[in-house]
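In my numbering, the protein residues as written are 11 to 155.
Backbone N, C-alpha and C fix where the C-beta goes; we use that ideal spot for every residue, glycine too.
These numbers were taken from a predicted model, which means no experiment stands behind them.
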């Protein structure tokens, strides 16, 4: 069985038994590497050094880890990770909501919702990041014979 996110291609040959698939290629995108990275809790990425560094604005969230740890205990790492994975626009929305004194809900991988209070965040600001290396997960073309 092939799990394909893009496309597949087959080569078939007409034999005395009828049409027989002799090779199949599946574009698995980065499915396997992402699955292994998740299971191993590590990054499986390729790096490309940039000839010209790229600067861009990003929104950074500084957490009060002691308060988060006390509130969420074993789930504290998952909550911190969910906050880190928010888009910049979501982080800006979080900033507005927390500044108004209201909690912000983050959704963990399993779908569980957790409320982040203003006391759990020590700051949210926009900074300029300069990247000298581009990291990416390479795609995989998987042949089968």
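Is it the case that the Cβ atoms of residue 116 and residue 77 are separated by a distance below 8 angstroms? no
Span of the beta strand (DSSP E) around residue 123: 123-126
Alpha carbon to alpha carbon, how far is residue 50 from residue 133? Give it in angstroms, no decimals. 31 angstroms
Bridge partners for residue 65 per DSSP, in chain order? 140
Beta-carbon proximity check, residue 143 vs residue 60, cutoff 8 angstroms: yes
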